[in-house]
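Residue numbers (this note's numbering): 4 to 87.
1) So for residue 42, helix, strand or coil by DSSP?
2) Closest by CA to residue 45, which one among 65, 74 and 28?
3) Starting from residue 60, follow the alpha helix (DSSP H) in both directions and report where the run begins and ends.
4) Mapping the DSSP letters down to three states, classify residue 24 as helix, strand or coil.
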């Protein structure tokens, strides 16, 4: 029963992230960094990072980086529980 709940949670989180493009997923994984740090890391402008983050938030129905971090952390946590 526990595995079924974890499977369902993984499915919900993965479904949310499936709507993102490859570049949006790349930016999302660095949600804990500032826009400038992400831009420097990926060799793109801060304005590009800002626009992509805005697209991510819109697609996921969220408004700030902390919400994105919670989604990403939730996926990692669910995967660890599933594997463990």
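From the three backbone atoms N, C-alpha and C, an ideal C-beta is built for every residue, glycine too. Small disclaimer: the values here were computed from a predicted structure and weren't measured.
Here's the rundown:
1) helix
2) 28
3) 49-63
4) coil
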